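Residue numbers (our numbering): 56 to 413.
A virtual CB, placed ideally from N, CA and C, is assigned to each residue, including glycine.
All figures in this text were calculated on a predicted structure; none of them were measured in a lab.
Here is the structure we will look at.
Take a look at the structure:
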């Protein structure tokens, strides 16, 4: 009896503790819900049976799946995450339900959401590629004429403006036909504007020659050589000074380097083409020489083989034996009786005038 009493007394505090927690949760839930607009009906439908307790085995499996899902990196593709969201988010775990008592409300399981990282894309930004605009001969010729005319205007304008900045007593002084008003920026900074116009003319000249070469797919070295005077004229203006002057000096040096590189490139290209032409001619000559040498060697070998073989003499014919060399009509005068006479008396048949020894 004492053991039963002690067990019942030990179970009483735990039961009251559970009731107190349940009531506090109920009050908090009511505070969250706020005042109800309409009271609940007196007869409520029977509540569903409580869910079975989660077994330790399934609980371990669920925790392992949850840890595995957290360790995985989120997919970078937005399309995959939007199509199948249920695969990337694991199921929430539910709290183990406790047995209910009479008059006590059922505690709903609280789901623990799994923090899912926001989908981030590490792919580079794809921008539409705009192709190089096609320029026909007409466009390139128009650009050449435009750049060349602007370059001439800027060159002469810069030269005239630079001469107008000299003192009136100088021999190179030349006033402008339409001078700028006194006090304007063109009047105060006439020398700087003249140098800017001159370097702008240099850039326009370079573009005009380039458009001509680009249209004809070649390089006119003599045309590029005309830029030497413009470069020599502009370099001293920007060789000394601060950072601004160094920028323009670098621009002039860059144009000069481009001209030299273009001339050398096409010079090497022409030398390569000439080398290929000479190599082709050399290969043709070498092939013909080898064929001729092979034919001569074969001919010499055939002659050597012919000399090495013994010459077989054919048996002499009767005509070769007793017919002397002479005219055909004289040879036809010999008859059978003459042949018998020569044979009987053993005459020498060496020639037509031979005598008989008998």
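8 Å Cβ cutoff, residue i in contact with chain D
i           : result
residue 207 : No chain D appears in the structure shown, which is made up of a single protein chain.
Check whether residue i and residue j have beta carbons under 8 Å apart
i           : j           : result
residue 202 : residue 266 : yes
residue 307 : residue 290 : yes
residue 271 : residue 310 : no
residue 213 : residue 249 : yes
residue 239 : residue 231 : no
residue 195 : residue 269 : yes
residue 254 : residue 303 : yes
Expected contact under 8 Å - CB spacing of residue i and residue j to nearest Å
i           : j           : result
residue 252 : residue 216 : 7 Å
residue 198 : residue 259 : That belief does not hold up - the Cβ atoms of residue 198 and residue 259 are roughly 11 Å apart, past 8 Å.
residue 235 : residue 228 : With a Cβ gap of about 16 Å, residue 235 and residue 228 do not count as contacting.
residue 274 : residue 332 : Actually they are not in contact, since the Cβ atoms of residue 274 and residue 332 sit about 19 Å apart, beyond 8 Å.
residue 319 : residue 282 : Contact flag wrong, Cβ pair sits at about 15 Å.
Cβ-based burial, residue i [other Cβ within 10 Å; buried from 16]
i           : result
residue 292 : buried
residue 210 : buried
residue 223 : exposed
residue 142 : The pLDDT assigned to residue 142 is 46, lower than 50, so where the model puts this residue is not dependable, and the model offers no usable value.
residue 339 : exposed
residue 263 : buried
residue 87  : exposed
residue 353 : exposed
residue 56  : Note that residue 56 has pLDDT 46, beneath the 50 cutoff, so the model's placement of it is unreliable and the number below is only indicative. It is exposed - the Cβ of residue 56 has fewer than 16 other Cβ atoms within 10 Å.
residue 363 : exposed
residue 345 : exposed
residue 285 : buried
residue 350 : exposed
residue 341 : exposed
residue 326 : exposed
residue 261 : buried
residue 185 : exposed
Secondary structure of residue i, DSSP reduced to three states
i           : result
residue 233 : coil
residue 150 : Its pLDDT being 49, under 50, residue 150 is placed unreliably by the model, and the measurement read from it follows with that caveat. In this structure, residue 150 counts as coil in the three-state DSSP scheme.
residue 291 : helix
residue 272 : coil
residue 225 : coil
residue 189 : coil
residue 258 : helix
residue 239 : coil
residue 214 : helix
residue 266 : helix
residue 205 : helix
residue 244 : coil
residue 364 : coil
residue 180 : coil
residue 220 : coil
residue 335 : helix
residue 296 : coil
residue 281 : coil
residue 323 : helix
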